[in-house]
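First the structure, in the form of structure tokens, and then the observations on it.
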Amino acid sequence: MLFRIVMHIIMRRQFGINIIHELRVVIGYKNERALLHFIVVRFFQVVDSLRTVIYNDISL
1124 MLFRIVMHII
1134 MRRQFGINII
1144 HELRVVIGYK
1154 NERALLHFIV
1164 VRFFQVVDSL
1174 RTVIYNDISL
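Under the working numbering, think of the first position of the sequence shown as 1124, with each following residue one higher.
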């Protein structure tokens, strides 16, 4: 469920298509460390963008 929400948020963002493509590449290599690093980096990017959105909503 949480994964679905996160994917929905990611898909709505402009870099969503790039994420899907990169995930396919990483999964294709079956490199677990690369996949983990990729997920962590993207997770923090999403959190950062969400935090920006939340701050903007509060300031309004």
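Glycine included, C-beta positions come from ideal geometry on N, C-alpha and C.
Expected contact under 8 Å - CB spacing of F1161 and E1145 to nearest Å: On the sequence shown, residue 1161 is found 38 positions in, with the first residue counted as 1. On the sequence shown, residue 1145 is found 22 positions in, with the first residue counted as 1. Yes, F1161 and E1145 are in contact; Cβ-Cβ is about 6 Å, under 8 Å.
Roughly how many angstroms lie between the CA atoms of I1177 and V1170, to the nearest whole one? Stepping through the sequence shown from its first residue, residue 1177 is reached at position 54. Stepping through the sequence shown from its first residue, residue 1170 is reached at position 47. So the two alpha carbons sit approximately 10 Å from each other.
If we ignore side chains and look at the alpha-carbon of each, how far apart do A1157 and D1180 end up? Locating residue 1157 in the sequence shown gives position 34, counting from the first residue. Locating residue 1180 in the sequence shown gives position 57, counting from the first residue. Between the alpha carbons of A1157 and D1180 lies a distance of about 35 Å.
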